[in-house]
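Data block below; observations after.
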Amino acid sequence: MKPRLYEYASRLSRRRFLKGATALGAASALPAGLMPKPASAQDNLRARILAIPGVGQGSPTDAHWQQVGELCLGATKANVAEGEFAGVELTFMGLNNQNLHNLLFRGFLKPWEAYTGARINWIDLAQADYNSRLQQSIATGTVDFDILEMGAPFEGDTAGRGLLDEMPDWVSAQIDDSDLVGYLQPPVGTWNGKKYRITIDGDCHTFAYRKDYFGEGAIGGAEVPRTWQQVNAVSKALVGQTDPLTGLPAHGYLDPLKGWGGFGFYFICNRAAAYVKHPDDRAWLFDPDTMKPRVNNPGWVQAIQDVMDLIATPGAYPADQINADPGTTAFSQFLAGTGSMLMWWGDVGSSARTSDTSVVGDVVGFGINPGSERRYNSAAGAWEETANEAPVMAYIGWGIYVTSRVSGDEKKRKAAWSAAAHLGGKDLSLWTAAYPSGFQPYRNSHFNYEEWEAAGYDRAFVEDYLGSNADSYNHPNAAIEPRIPGIFQYYSVAEDELAKGFAGQYKSAQETADAIAAAWEKITDQIGRDNQIALYKASLGM
Amino acid sequence: MSGSDQLHVVTSDDISDSRRRMGRALVWGSAALMALVAAAQVAQTAGWRDFGFANWRPTLYAYCLFATCLCWAQVLVRGEQGKRTLFVLPAALFVISLTVFPLLFGLVIAFSNWNLSSLSGRQFNGTANLVQMWHDPFYWNALGNMVIYVAAIVVEYAIAFGLALILAGQIRARKFWRVSFLMPLMLSPVAVSWMIGKSMLEPRFGPLARLARALGIENPSFFESPWMAKLTIMVLDAWTFIPFMMIMLLAGLQAIPKELQEASRVDGASGWKSFWEITFPLMLPVSVTAILIRIIFKLKLADIVITITSGGPGGATDTVTSFIFREYRERSNVGYGTMLAMVYLVLIVIGMTILMKLAARLTRPRT
């Protein structure tokens, strides 16, 4: 769970937890015959780990992580004999964001190390250093790690170059990967039909809106916008109105108009996906046969034009929006009471209620990415007057991978996969979903709200907030980004061109889109078109 | 050896031919070994033959051996004279290792097509990067911005000179003001970017925006229009670095002999006349130094831009360094990024050489 989300949910549930503790005390005094029927051992395990340290009992520590790791060792013990990996040394490269990620993994894997006899050395990286460290290791042939925490977008850079080890079948069974939510199922995590990834996280953009802007008599209209056409119409209609919460000028949707190291491109993708992600076609950024960019097709141009229309409408955006990156739109604007609609990752919802600077905690609602009243069919080269929805799975989430360094040594290979499988275990993942870990829920079993409620969470919050994630994850037309080498290079250069377009340096949305397409073609040629085509197809499972 | 040199000789040099031969053999032998190892490594890298090298350390070790032998040979071959050389040679070799070699490697990379995501790795592509740069509107835009940023130094200099004159005068709490004016220089530009650029200048809730609204400006925005954004970046950068120029000029002012100014006053020169005819000309060497160093700092401007505007809106505040940062870091375009940096380096060297020539002419005593 994202730390802020936990903070919020804990605050809600402390009273419920105490109520639960009282009830438990009373129940223990009952005669045996009156006691509720005991749950299965598996249910007991899940309930036991969710009680470490207990919702509302403060942030977990290394001792708790080790405790959870110890309790979840059952699956490892079924596949590995005690001391089987004695003398094996593995190197694990991952992140240390917010003192989570690798720090948790250390705790989870300590009991695993004690049981198997293997030893793990750690390479901890800050998020900002991660990409360059990984790319330089790959480019200079100095991959010095056996296990790797990595986002799916980098699969093209690693799996595409044969740097990863294929997942053995027993791992797939141990982690029960059939439980993964829809969009994390293959082809994500696979290349040429081979599995490489143990998923430990899920990512998607969801729609956050201000409830006080919408409803009978509200300034934004009776209904919450469900399409981008409605979002734009509401954003224009709100010009000149007053925000019901702050008394300052009201605004509609908050487009980030400034780049953000490539991540800003996801936000134009939200608009564009509704137009261009056709249910019959997995591809939406490039033509898979030629790598010809689709970013300048009429659907994408419409998405860019929508933003330009709002830029051209005085007062539609807050002042200085041209200089607002996604961080600004979420944390300096939306949470501070500026604007009424936003697309973002998981943390904005929880921050709305836990951040000291947030004023919108009681009036925030969630949904999936708005759709469109029509869609562009790239294959037919024509618009279809059919409604379309396509939530964007921005970044796809973190996974654990094993590098091909271990492929030649069966004992080391089994040890590496065993360690990775321990971290991606079904029960352990419930704990990471429920407590601060930096990871979002990513399995269908994580959306069993009864389990959360029994652990002490507020049911209404969990259903509202996580429900929007679940609906996005399992959407049949989810827009999943291509896992090809250099994908963030494409995003980064697109941000530069979009910034020029939004600043009025190009004559039209089409010209802006054409500039992006031209820059993308250059990148494709530089990285190698044939190879990109092959990898793109592989990433799409074609 | 000349007679004057003899004064410094503490031992007589009686170098035998065999000792000389040994010295030369050491140099040439270690050089040959280094060339051999390097050639073998190149051959392995090119895929011609596998020598079992795991990395480039053998060549590094061979270079270290050569450097040691070269130093040793100086004494063997040239005796006392060689010992003198030994005072400088290790440092020279160290500098060469850390500047000349990387520069040469940098040039090799600059003339390569090397995208870290490309499976084909680094490939020599001749002048293709130069041609791409020539047609790259982002680079030219950034260079154009740099001209404007550098031109702003004239204003910064005038302000710094004014402040230095005030602080050099007999003002109350002079030490306090000197320290106060120096404070911005002590702050990290990244901290300045966040504290001022992102917080105080925040258009809705930032205190400066509130002040502007109170003064009747309806929608104050410091980074929305291209020129306003450029101006704000220039002001932020100036606020950080004016103290640097000021402190240099202040040191210069304090070094001017008081008698000259007193003499001018006795001769009836007014305050302005005294400044223009005495103080300013005497301050020219210091001024030129301060301006040249400030230009070098300015040409590296990137942190404030990257943090606040990412070069926007639409490239209006982009600097060459911030553009190279995006090209290199975000796009892993190592070859092209290095070429941009190399060209920028050449432009800076040419520009600074011309400026220094002009400065030398300007500060030459008039007869």
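Sequence lines, in order, name chains A and B. First residue of the first sequence? That's 13 in our numbering, and the numbers climb one at a time after it. First residue of the second sequence? That's 172 in our numbering, and the numbers climb one at a time after it. Where is the CB? At the ideal position from N, CA and C, for every residue including glycine. Predicted, not measured: the structure shown is a model, and the values here were computed from it.
Which same chain residues end up closer than 8 Å to residue i when comparing Cβ atoms and leaving out the 5 residues on each side of it in sequence?
i         : result
Ala400(B) : Phe393, Phe394, Thr480, Gly483, Pro484, Ala487 and Thr488
Ser435(B) : Lys444, Ser445, Glu448 and Ile449
Pro326(A) : Val251
Gly81(A)  : Gly119, Phe120, Leu121, Lys122, Pro123, Trp124, His434 and Leu440
Lys49(A)  : Caution applies to Lys49(A), whose pLDDT of 44 falls short of 50 and renders its modelled position unreliable; the value that the coordinates give is listed next. Answer for Lys49(A): no residue qualifies.
Gly409(A) : Gly163, Ala164, Leu196, Thr211, Ile212, Asp213, Gly214, Asp215, Phe451, Gln452 and Tyr454
Which residue or residues does DSSP assign as beta-bridge partners of residue i?
i         : result
Gln294(B) : Asn284(B)
Arg222(A) : Val376(A)
Val404(A) : Ala491(A)
Val414(A) : Ile159(A)
Met355(A) : Phe219(A)
Glu396(A) : Arg387(A)
Ile135(A) : Met105(A)
Pro555(A) : There is simply no residue 555(A) to check, as chain A begins at 13 and stops at 554 in what is shown.
Asn504(B) : Asn286(B)
Lys206(A) : Trp203(A)
Leu192(A) : Arg455(A)
Using the beta-carbon of each residue, which ones in chain A are nearer than 7 Å to residue i?
i         : result
Leu290(B) : Arg173, Gly540 and Asn543
Gly297(B) : None at all; the shortest Cβ gap to chain A is about 15 Å.
Gly277(B) : Here the premise fails: no neighbours, minimum Cβ distance about 16 Å.
Thr480(B) : Asn335
Asn390(B) : Ala331
Glu395(B) : Ala331, Asp332, Ile334 and Asn335
Between residue i and the rest of its own chain, which residues show a CB-CB distance below 6 Å, the 5 nearest in sequence each way excluded?
i         : result
Ser457(A) : Asp191
Phe500(A) : Gly274
Ala211(B) : Phe222
Ala44(A)  : Only weak support exists for where Ala44(A) lies, its pLDDT of 40 falling under 50; the coordinates are left without a value.
Ile525(B) : none
By alpha-carbon positions, which one of the options ends up nearest to residue i?
i         : options                                       : result
Asn312(B) : Gln544(A), Val193(A) and Gln517(A)            : Gln517(A)
Ser484(A) : Asn460(A), Tyr454(A) and Val414(A)            : Tyr454(A)
Gly95(A)  : Arg60(A), Asp156(A) and Tyr127(A)             : Tyr127(A)
Glu161(A) : Arg173(A), Gln148(A), Asn143(A) and Thr152(A) : Asn143(A)
Asn284(B) : Phe276(B), Phe272(B), Thr298(B) and Leu275(B) : Thr298(B)
Ile404(B) : Ala323(B), Glu389(B), Ser288(B) and Ile462(B) : Ala323(B)
Ile466(B) : Ala225(B), Asp185(B) and Tyr320(B)            : Tyr320(B)
Pro180(A) : Glu422(A), Thr369(A) and Met405(A)            : Glu422(A)
Val404(A) : Gly66(A), Asp215(A) and Lys206(A)             : Asp215(A)
Leu356(B) : Ala344(B), Ile413(B) and Pro378(B)            : Ile413(B)
Asp476(A) : Ala467(A), Asn489(A), Thr350(A) and Tyr461(A) : Tyr461(A)
Val505(B) : Ala362(B), Tyr328(B), Phe224(B) and Phe282(B) : Phe282(B)
Pro261(B) : Ile427(B), Thr534(B), Thr239(B) and Tyr507(B) : Thr239(B)
Pro382(A) : Asp188(A), Gln242(A), Asp177(A) and Asp158(A) : Gln242(A)
Pro72(A)  : Arg495(A), Trp443(A) and Gly513(A)            : Trp443(A)
Val213(B) : Ala203(B), Asp185(B) and Trp227(B)            : Trp227(B)
His113(A) : Ile212(A), Arg173(A) and Trp203(A)            : Ile212(A)
Tyr341(A) : Tyr265(A), Gln314(A) and Pro198(A)            : Strictly speaking, residue 341(A) in this sequence is Thr, with Tyr absent from that position. The option with the nearest alpha carbon to Thr341(A) is Tyr265(A).
Phe309(B) : Asn133(A), Gln345(A) and Ala527(A)            : Ala527(A)
Gly232(A) : Leu176(A), Asp224(A) and Gly276(A)            : Asp224(A)
At 8 Å on the CB atoms, spell out the chain A contacts of residue i, in chain order.
i         : result
Arg497(B) : Ser504 and Asp508
Quick one: residues in its chain with C-beta nearer than 7 Å to the C-beta of residue i, no 5 flanking neighbours on either side, listed in chain order?
i         : result
Asp299(A) : Arg306
Leu314(B) : Val491
Ala339(B) : Leu421, Leu424 and Gln425
Asp537(A) : none
Met172(B) : Because Met172(B) sits at a pLDDT of 45, beneath the cut-off of 50, its placement in the model cannot be relied upon, and the following sentence gives the value as read from the coordinates. There are no such residues.
Ile418(B) : Leu353
Along chain B, which residues have their Cβ under 9 Å away from the Cβ of residue i?
i         : result
Gln186(A) : None at all; the shortest Cβ gap to chain B is about 33 Å.
Starting from the beta carbon of residue i, find every residue of chain B whose beta carbon is closer than 7 Å, and list them in chain order.
i         : result
Phe500(A) : Glu501
Lys270(A) : Ser481 and Gly483
Asp169(A) : Ser288
Closer than 9 Å by beta-carbon distance: list the chain A residues that pair up with residue i, in chain order.
i         : result
Gly486(B) : Asp508, Ala511, Lys512, Ala515 and Gln517
Arg375(B) : Leu260, Pro330, Ala331, Asp332, Ser344, Gln345, Ala348 and Thr350
Along chain B, which residues have their Cβ under 8 Å away from the Cβ of residue i?
i         : result
Thr103(A) : Per Cβ cutoff of 8 Å: no residues; Thr103(A) is ~17 Å from chain B at best.
Runs of alpha helix (DSSP H) wholly within the stretch 437 to 471 of chain B (minimum 4 residues, chain order): 442 to 445 and 451 to 470
Completely contained alpha helix (DSSP H) runs for the stretch 143 to 179 of chain A, where each covers 4 or more residues: 167 to 170
Runs of alpha helix (DSSP H) lying entirely within the stretch 273 to 316 of chain A, each at least 4 residues, in chain order: 277 to 288
Runs of alpha helix (DSSP H) lying entirely within the stretch 449 to 473 of chain A, each at least 4 residues, in chain order: 461 to 467
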